[in-house]
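K.L.:
If you scroll down you'll find the structure; I have some questions about it.
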Amino acid sequence: MHATLKQAHMKQNCRGLPKGLVGTKCTAQIKIGHAHTSCLLDTGSQVTTVSHSFFQKNLSDHQINSLSDLLEVEGANGQSVPYLGYVELSVVFPKEFTGIEVEVPTLALVVPDTTSESQPHVLIGTNTLDVLYETASETAAATPESPLYGYRAVLKVLELRQCHHQGSAFGFVKLHDKTPQLISAGQFVVVNGCAVVKEYTNETKAILEHPTWSSLPGGLLVQPCLIDVPSQPPYKVSVMLKNESERDIVIPPKCILAELSVIQTVLSQQQSVNTEEVNSDEKPKLSFNFGDSPVSAEWKDRITKKLNSMPEVFAQSDIDFGRTDRVKHHIKLSDETPFKHRARPIHPHDLDAVRRHLQELLQAGIIRESESPFSSPIVVVRKKNGEVRLCVDYRKLNLQTVKDAYALPNLEETFSALTGSKWFTVLDLKSGYYQIEVEEADKPKTAFVCPLGFWEFNRMAQGITNAPSTFQRLMEKCVGDMNLREVVVFLDDVIVFSKTLEEHEIRLMRVLSRLKEYGLKLSPAKCRFFQTSVRYLGHIVSQSGVETDPDKVEALKTWPRPQNLKQLRSFLGFSGYYRRFIKDYSSIVKPLTDLTSGYPPLRKSFKHKAKDSQYHDPKESFGGRWTSACGTAFNTIITKLTTAPVLGFADSKIPYVLHTDASTTGLGAALYQEQEGIMRVIAYASRGLSRSESKYPAHKLEFLALKWAVTEKFNDYLYGSNFTVITDSNPLTYILTTAKMDATSYRWLAALSTFTFKLKYRAGKQNSDADGLSRRSHGGLTEDVMSQKERERICQFTHTHLDDSSVSISKDAVYALCEKHLVNNVTSEENSAVALVQSLAVSSDAIPDSFASEDQHGGLPIIPHFSEEEIRDKQRADPCIREVISMIETGEKLVPAIRTELPQITYLLRQLSRLSLHNQILYRRRLEGSTPTYQLVLPEELCPVVLKSLHDDMGHMGIDRTMDLIRTRFYWPKLADDVERKVKTCERCVRRKSLPEKAAPLTNIVSTRPLELVCMDFLSIEPDSKNTKDVLVLTDHFTKYAIAIPTPNQKAQTVAKCLWDNLIVQYGIPECLHSDQGPDFESHVIKELCQLMGIRKTHTT
């Protein structure tokens, strides 16, 4: 505080002031620039300032440098002090101050003038006074006892400050250069300094460390080290500084860079301890994965001990996440308007697991309770080990987020750095995203809602756009100058490399120390140490160099030889997509195209007869027609497609294009990049379907192909990159915006949310590359977890209920159990067994042999209570079937007159190529799957019997289920129409399932006179000067006359008063009052008013 404003007044009235209330002012005469002036010596100010008027008058030849709001200056009263910039000056202190005249170069802020005329225009802060004191301490001249108070007071304060902060330091190092030094953001710089030992010492070695007090700018860190104390001029010492900030920093001349501290020797004491006790208190040792590393066992043991000596770097449990604040994730929105989504339901079986997982995240500090206006839903994902993982659906947030353009590493530079190395270590961070803090202001934007609460993330969450850029920024800053020299980082892929084993150990420990410094933790189970080859970004890196990952062409290398026409056409369609890259493509594939000749035309009007020997059967194998030339052509095309110029190397600077497709037998995908104007293949992928996946509908299979290609096969290429997906499924293009999906699809979408891509539709004919990969032969269906569980469930039921000791259950007993289950709706433990028995009555696969007999021709169960002879007689008694059987037996054509007499026979004639006789019974061959089945051609007389048996007696299934049961066994003309008519006219089905009710048609309200009907509603507008924003509007329906009444609120009492004062008193009582169902209109007060006035109250529906 300065009492200078009323100094003259105090001199006149000093007798009235308490003694000791006001001290002496610390001012001095100095020379600044070319001007002599008075200054205020302020040891409580960290900066030196000059007023703007003083600068314009005396220092106009100096340049004002901008700070771009990097520095915030606050006064003693807590108010912000504005400034125009800073200038580089030299301040000369007179001889009376220190015994000699001292010139101190400094940096001063230029500030606006104050309103006080008595305040000095120059204020000297500690950034200048500290340098002055250090300079005076170096001189041998004795400081005289100055008669001026300001000199003595400042020297005492500086001496006390220096003694307080000195501690074990016996000297310091100051900047040797007389010009300011610039250190760029994030850089390491070695600066030359001059050592100054304050008093005589015998120390020959010292610890150089960060100064506890000096004018060293914030953001600079001194790298501690052990040095030899120089004993001869110029006492030169090198100091390594690192700029940890994100801006350039200027070091002023003669600034103190570091302290020289005494080395303290600590002698160990002999202690007697209980060995068993110590061992019992030791932390459990971690095990590390060396894989197939060729290093010796002794080496592994020594490295394991070293790694265990750094427990801070490795996660000790599943919720032991690291934490760093060196880089924070920022979410910048293009539209700050909050959005809200309702919570999606969680399956009851997952509730407990989700509740435990939320508590673990809360305990680990990953999440916290939220009151955010933003809200995103969650999707519960089960990991392979059965644990749950919460994936937040951030689609809406990502659409509003401004994308971060932080550049990812160049793959060529990365592979060049790895070339020539012989040893590699792959490090995997423990939930890397969870180790990065989110900016405090952006945490509410990550809020998510679930039935168990409302939360937001403290750490960076999965599925947020720009998260890969933030992660890459952190990892590059972490490894610093080691990047591309000792370690490479590409998002979460961290590889330490070296040429020798000893060098690799040193580099590994250096990287681990840097991770420890940044507070990051690794997952020890996923790290692989001291490997001779690793898989990295779609390539195999070893001492032999960088090679293409065999997985990228495995889909083609393992393409099985086509066995029939369909498989050959699929292969030719796929390879033809790349024919412009393959020289003489037509000549190479000629032996294969010749194989496609000799088959019936594809015209629908062509009627191919089974006995026609002119054509080959499209379903038959090539057999001997597949020659060695065909094999050579097939292998040549495979080789051409898996080598240049078709196959190219990935370039991370070029966007990717992904083609995906799915068929009923498999999934296919091809990854491309446009290089030098040509679309080149980067990798192929293909796989078959599991048993449960084969039951997916077409649109879900297409989604599965997308999720599999992006998150599994091409994850190394696409993670962190922008790419475009081309698909022939138009519904798939809506998954990122408005598509409604099931729980499985939401889990897939959550996995895709960490990728940035666009979806485009293209017709199937133009997507033949991915289509061919999906349709290539993949063998049989694979067993997955779901199908294995279903098989185990059936085996368990079979063992429990259908073992050898069980007795056969008659059909009537099964029906009785089913009827009991339907009537009583039992909920006891035997309910599951009853339900399974009921399903046995429906499923043809699970019916025991004793319940149904099969014919000898691959057919399904015949009609109960009818022998083969009876069915044969009934077929020949049916006029249509009799004529068809006669045609097949005699080979004669049908007389045209019969078509007129028997219109139904036309439907059978269309199936003539599929009809055949077995034991003189007519069957239709059904082509579904690899094994054909035979349907009994049913006489019209037996159709009602079958419909009753497979609908009424099977539990009154719906149209589709009844249709499936019949089609697996029988065929007759217009089968689908008969089934639909049967189900829709079934009395029991109609009573159980009521028909959908239609809403009544909308009609206009008619009024015939004034006040017959008055309608009212509120209109909300912009508030006026009195903050009135609600207007009650009353409208007469007949005359359209309206009254607008401003109201302070929308309460029922306000509405009643307005109705009375503005309608009833002025115009009369209306017959009917109409409104919506707002609580202000449907309240008890309005009802009482209407009852008293005899008004009929109505409302909208």
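The numbering of the sequence shown is the working numbering, which starts it at 3 and goes up by one.
Idealized CB from N, CA, C, for every residue including glycine.
Note that the structure is predicted; figures quoted are calculated from it, not measured.
1. Pick from 238, 1072, 584 and 630: whose alpha carbon is nearest that of residue 594?
2. Determine the direct distance from the alpha carbon of residue 77 to that of residue 14, and round the result to whole angstroms.
3. Just to confirm my understanding: we take residue 1094, look at its own chain, exclude 5 residues before and 5 after, and list those with CB closer than 7 Å. What are they?
4. Using only alpha-carbon positions, find the residue among 774, 667, 672 and 655 that is nearest to residue 661.
5. With 16 as the cutoff for other CB atoms within 10 Å, does residue 871 come out buried or exposed?
6. Under three-state DSSP, which class holds residue 1093?
7. Quick one, are the C-beta atoms of residue 237 and residue 196 less than 7 Å apart?
8. Whole angstroms are fine: how far does the CA of residue 307 sit from the CA of residue 287?
9. Count the other C-beta atoms from every protein chain shown that fall within 10 angstroms of the C-beta of residue 1043, then say buried if there are 16 or more, exposed otherwise.
10. Assuming residue 232 contacts residue 239 (C-beta within less than 8 Å), just tell me the rounded distance between them.
11. Between residue 73 and residue 497, what straight-line distance do the alpha-carbon atoms span, to the nearest angstrom?
12. Does the beta-carbon of residue 256 have 16 or more other beta-carbons within 10 angstroms, so that it is buried, or is it exposed?
13. Please list the segments of the alpha helix (DSSP H) lying wholly inside the stretch 861 to 932, counting only runs of 4 or more residues, in order along the chain.
14. Distance check for residue 623 and residue 566, CA to CA, integer angstroms please.
15. Alpha carbon to alpha carbon, how far is residue 922 from residue 951? Give it in angstroms, no decimals.
16. Compute the Euclidean distance between the alpha carbons of residue 1091 and residue 448, then round it to the nearest angstrom.
17. Roughly how many angstroms lie between the CA atoms of residue 108 and residue 253, to the nearest whole one?
18. Spell out the partners DSSP gives residue 262 in its beta bridges.
19. Based on Cα-Cα distance, which residue from 1096, 1017 and 1073 lies nearest to residue 1057?
20. What is the DSSP secondary structure of residue 1107, reduced to helix, strand or coil?
21. Please return the same chain residues whose Cβ sits closer than 6 Å to the Cβ of residue 404, not counting the five positions on each side in sequence.
22. Which of the three DSSP states is assigned to residue 1018 in this structure?
23. For my contact list, residue 125 and residue 42 are in at a C-beta cut-off of 8 Å; report their separation, rounded to the angstrom.
24. In whole angstroms, give me the CA-to-CA distance for residue 21 and residue 366.
25. Could you tell me which of 909, 961, 439 and 958 sits nearest to residue 973, measuring between CA atoms?
26. Near residue 523, which residues of its chain fall below 8 Å by C-beta distance, leaving aside the five closest residues on each side in sequence?
27. If you draw a straight line from the C-alpha of residue 465 to the C-alpha of residue 184, how long is it?
28. How would you call residue 1096, buried or exposed, if buried means at least 16 neighbouring beta carbons within 10 angstroms?
29. For the putative contact between residue 913 and residue 882, defined by C-beta atoms under 8 Å, what is the C-beta separation to the nearest angstrom?
30. Quick one: grab the DSSP three-state call for residue 313.
31. Does the beta-carbon of residue 350 have 16 or more other beta-carbons within 10 angstroms, so that it is buried, or is it exposed?
32. Is the Cβ-Cβ distance between residue 964 and residue 981 less than 7 Å?
33. Restricting to Cα atoms, I'd like to know which of 32, 65 and 39 is closest to residue 98.
34. With DSSP collapsed to three states, give me the class of residue 574.
35. Based on the DSSP output, what are the partners of residue 978 in its beta bridges?
36. One question on the structure: do residue 453 and residue 374 come within less than 7 Å of each other, judged by their Cβ atoms?
P.N.:
On the basis of the data shown:
1. Taking the sequence shown and counting its residues from 1, one reaches residue 594 at position 592. The option with the nearest alpha carbon to residue 594 is 630.
2. Counted from its first residue, the sequence shown places residue 14 at position 12. Counted from its first residue, the sequence shown places residue 77 at position 75. For residue 14, the pLDDT reaches just 40, beneath the cut-off of 50, and the residue's location in the model is therefore unreliable, although a value from the coordinates is still provided. A straight line joining the alpha-carbon of residue 14 with that of residue 77 spans about 30 Å.
3. Position 1092 of the sequence shown, counted from the start, is the residue given in the question as residue 1094. Contacts found: none.
4. As a first step, residue 661 must be located in the sequence shown, where it is residue number 659. Checking every option, the nearest Cα to that of residue 661 belongs to 672.
5. Start at 1 with the first residue of the sequence shown, and residue 871 comes out as number 869. Residue 871 sits exposed, since fewer than 16 C-beta atoms from the chains shown fall within 10 Å of its C-beta.
6. For the purposes of this step, residue 1093 is identified with residue 1091 of the sequence shown, where counting begins at 1. In this structure, residue 1093 counts as helix in the three-state DSSP scheme.
7. Along the sequence shown, one-based indexing puts residue 237 at 235. Along the sequence shown, one-based indexing puts residue 196 at 194. Closer than 7 Å, so yes.
8. Mapped onto the sequence shown, residue 287 falls at position 285. Mapped onto the sequence shown, residue 307 falls at position 305. So the alpha carbons of these two residues sit roughly 9 Å apart.
9. Residue 1043 sits at position 1041 when you count from the first residue of the sequence shown. So residue 1043 ends up on the exposed side.
10. As a working note, residue 232 is residue 230 in the sequence shown. As a working note, residue 239 is residue 237 in the sequence shown. In this structure residue 232 is in contact with residue 239, their Cβ atoms being roughly 6 Å apart against a cut-off of 8 Å.
11. Translated into positions along the sequence shown, residue 73 becomes position 71. Translated into positions along the sequence shown, residue 497 becomes position 495. Straight-line Cα distance between these residues: approximately 39 Å.
12. The count along the sequence shown starts at 1 and reaches residue 256 at position 254. The residue is buried, with at least 16 neighbouring Cβ atoms inside 10 Å.
13. Those alpha helix (DSSP H) runs which fall completely within the stretch 861 to 932 and span 4+ residues are 870 to 879, 881 to 892, 898 to 903 and 907 to 912.
14. The residue given as residue 566 occupies position 564 in the sequence shown. The residue given as residue 623 occupies position 621 in the sequence shown. Answer to the nearest angstrom: the Cα atoms are 5 Å apart.
15. Indexing the sequence shown from 1 puts residue 951 at position 949. Indexing the sequence shown from 1 puts residue 922 at position 920. Taking C-alpha positions only, residue 951 is separated from residue 922 by approximately 25 Å.
16. Indexing the sequence shown from 1 puts residue 1091 at position 1089. Indexing the sequence shown from 1 puts residue 448 at position 446. Straight-line Cα distance between these residues: approximately 50 Å.
17. Here residue 108 is taken as the residue at index 106 of the sequence shown, counted from 1. Here residue 253 is taken as the residue at index 251 of the sequence shown, counted from 1. Inter-residue distance for residue 108 and residue 253 is about 10 Å (C-alpha atoms, whole angstroms).
18. Here residue 262 is taken as the residue at index 260 of the sequence shown, counted from 1. Residue 262 is bridged to 173 and 210.
19. Counting from 1 along the sequence shown, the entry for residue 1057 is found at position 1055. Selected option, being the one with the closest Cα: 1017.
20. Because the chain here runs from 3 to 1103, residue 1107 falls outside it and cannot be looked at.
21. Translated into positions along the sequence shown, residue 404 becomes position 402. 334 and 336, listed in sequence order.
22. Along the sequence shown, read from residue 1 onward, the residue named residue 1018 stands at position 1016. DSSP places residue 1018 within a strand segment (E or B) once states are collapsed to three.
23. Mapped onto the sequence shown, residue 125 falls at position 123. Mapped onto the sequence shown, residue 42 falls at position 40. Going by Cβ atoms, the distance from residue 125 to residue 42 rounds to 5 Å, so yes, they are a contact pair.
24. To locate residue 21, count along the sequence shown from 1; it is residue 19. To locate residue 366, count along the sequence shown from 1; it is residue 364. Straight-line Cα distance between these residues: approximately 59 Å.
25. The count along the sequence shown starts at 1 and reaches residue 973 at position 971. Of the residues 909, 961, 439 and 958, the one whose Cα lies closest to the Cα of residue 973 is 909.
26. Here residue 523 is taken as the residue at index 521 of the sequence shown, counted from 1. Cβ neighbours of residue 523 beyond the five flanking positions: 314, 315, 316, 317, 322, 323, 324, 431, 432, 437 and 517.
27. As a working note, residue 465 is residue 463 in the sequence shown. As a working note, residue 184 is residue 182 in the sequence shown. Put simply, the backbone Cα of residue 465 is about 40 Å away from that of residue 184.
28. Along the sequence shown, one-based indexing puts residue 1096 at 1094. By the 16-neighbour rule on beta-carbons within 10 angstroms, residue 1096 is exposed.
29. Position 911 of the sequence shown, counted from the first residue, corresponds to residue 913. Position 880 of the sequence shown, counted from the first residue, corresponds to residue 882. No, residue 913 and residue 882 are not in contact; Cβ-Cβ is about 12 Å, not under 8 Å.
30. Locating residue 313 in the sequence shown gives position 311, counting from the first residue. Residue 313: helix per DSSP, three-state reduction.
31. To locate residue 350, count along the sequence shown from 1; it is residue 348. The residue is exposed, with fewer than 16 neighbouring Cβ atoms inside 10 Å.
32. Stepping through the sequence shown from its first residue, residue 964 is reached at position 962. Stepping through the sequence shown from its first residue, residue 981 is reached at position 979. In this structure, residue 981 lies closer than 7 Å to residue 964 by Cβ.
33. Along the sequence shown, one-based indexing puts residue 98 at 96. Nearest of 32, 65 and 39 to residue 98, Cα basis: 32.
34. Counting from 1 along the sequence shown, the entry for residue 574 is found at position 572. Residue 574: helix per DSSP, three-state reduction.
35. On the sequence shown, residue 978 is found 976 positions in, with the first residue counted as 1. In the DSSP output, where bridge partners are listed per residue, residue 978 has none listed.
36. Reading the sequence shown from its first residue, position 451 is the one you call residue 453. Reading the sequence shown from its first residue, position 372 is the one you call residue 374. No, Cβ-Cβ distance for residue 453 and residue 374 is not below 7 Å.
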